[in-house]
Amino acid sequence: MALKLFLWYENKLIQKPLITKSCTAFCTAILGDILSQYIEKRAHHLGFSANYQIERSFKMGLYGFFFSAPLYHNWLGYLYKAIPGRSLLAVAKKVLVDQLFFSWIAMSSYFIFVTLLMGGSFSQGITKIKNGIVEVWLTGIKVWPFVAIISFGFLPLHFQVTFGCITAMFWSTYMSYQVNYKHKHFDLE
Numbered sequence: 001m002a003l004k005l006f007l008w009y010e011n012k013l014i015q016k017p018l019i020t021k022s023c024t025a026f027c028t029a030i031l032g033d034i035l036s037q038y039i040e041k042r043a044h045h046l047g048f049s050a051n052y053q054i055e056r057s058f059k060m061g062l063y064g065f066f067f068s069a070p071l072y073h074n075w076l077g078y079l080y081k082a083i084p085g086r087s088l089l090a091v092a093k094k095v096l097v098d099q100l101f102f103s104w105i106a107m108s109s110y111f112i113f114v115t116l117l118m119g120g121s122f123s124q125g126i127t128k129i130k131n132g133i134v135e136v137w138l139t140g141i142k143v144w145p146f147v148a149i150i151s152f153g154f155l156p157l158h159f160q161v162t163f164g165c166i167t168a169m170f171w172s173t174y175m176s177y178q179v180n181y182k183h184k185h186f187d188l189e
């Protein structure tokens with residue numbers, strides 16, 4: 001049964017890559033936000049179900065569907081054309097460009113897009129970037145380069161989405177906590 005599901009998913013990635021990636025990002029972003037809300041509630045010894053914000057999770061899913069998946073789909077397509085191959089040098093170049101250039105764009109857009117989705121202003125998103133992006137990047141370089149090495153070096157392109165989405169679910173938990181909880185207490189003028 002699991003193999004059938006996996007093969008079905010792989011087939012969808014090949015036939016309709018963007019919509020499949022968007023649906024996957026929608027689901028993993030929602031699951032990541034659910035985990036984030038659970039962690040937030042546990043940190044304050046609150047009951048999870050009574051205070052669960054379903055609208056927030058749905059908005060995180062919308063970010064994944066409409067913004068994150070198309071952004072990464074296009075970025076990876078560009079990266080594979082710009083730096084072809086799976087040699088050690090090609091993988092190292094892809095990881096460096098991805099982490100030193102693209103990750104800053106992705107993180108900044110995340111802070112702004114999610115702040116806007118949650119009813120905040122563009123300037124509040126900029127404030128969240130100023131207050132949190134370095135910490136998020138420093139945490140990210142402990143995770144994403146290793147994910148990128150495995151993806152760029154060992155996995156076929158169509159499997160990279162699945163691997164990235166599984167990792168992204170846990171990363172989304174951290175990012176959702178950063179943008180929705182930790183940095184919402186800053187003075188957001």
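Its first residue numbered 1, the sequence shown is counted upward by one per residue in UniProt numbering. Ideal placement from N, C-alpha and C gives every residue a C-beta, glycine not left out. In this text, all values refer to a predicted model and were calculated from it rather than measured experimentally.
- Across the structure, residue 110 and residue 62 are spaced so that their CA atoms are roughly 12 Å apart.
- At the C-beta level, residue 118 and residue 41 stay beyond 8 Å of one another.
- As the crow flies, the alpha-carbon of residue 132 is around 30 Å from that of residue 80.
- Excluding its 5 nearest sequence neighbours in each direction, residue 76 has no C-beta neighbour in its own chain below 6 Å.
- Non-local beta-carbon contacts of residue 83 in its own chain, meaning distances under 8 Å to residues more than five positions away in sequence, involve 90, 93, 94, 97 in chain order.
- With contacts defined by Cβ atoms closer than 8 Å, residue 153 and residue 56 do not form a contacting pair.
- Under the DSSP assignment, residue 86 falls outside any alpha helix (DSSP H); it carries neither an H nor an E label.
- Straight through space, the alpha carbons of residue 1 and residue 99 are spaced by roughly 37 Å.
- Boundaries of the alpha helix (DSSP H) around residue 6: 2–15.
- DSSP places residue 125 within a helical segment (H, G or I) once states are collapsed to three.
- Contact check for residue 38 against residue 162 fails: the beta carbons are separated by 8 Å or more.
- In this structure, DSSP gives residue 153 a helical state, which the three-state scheme calls helix.
- Residue 130 and residue 7 have their C-alpha atoms roughly 43 Å apart.
- Residue 65 and residue 142 have their alpha carbons spaced roughly 26 Å apart.
- The closest CA to that of residue 52, considering only 170, 30, 70, is found on 30.
- DSSP, reduced to helix, strand and coil, places residue 37 within a helical segment of the structure shown.
- For residue 53, the secondary structure class from DSSP, reduced to helix, strand or coil, is coil.
- A Cβ-Cβ distance of about 6 Å is found for the pair residue 28 and residue 172, placing them in contact under the 8 Å criterion.
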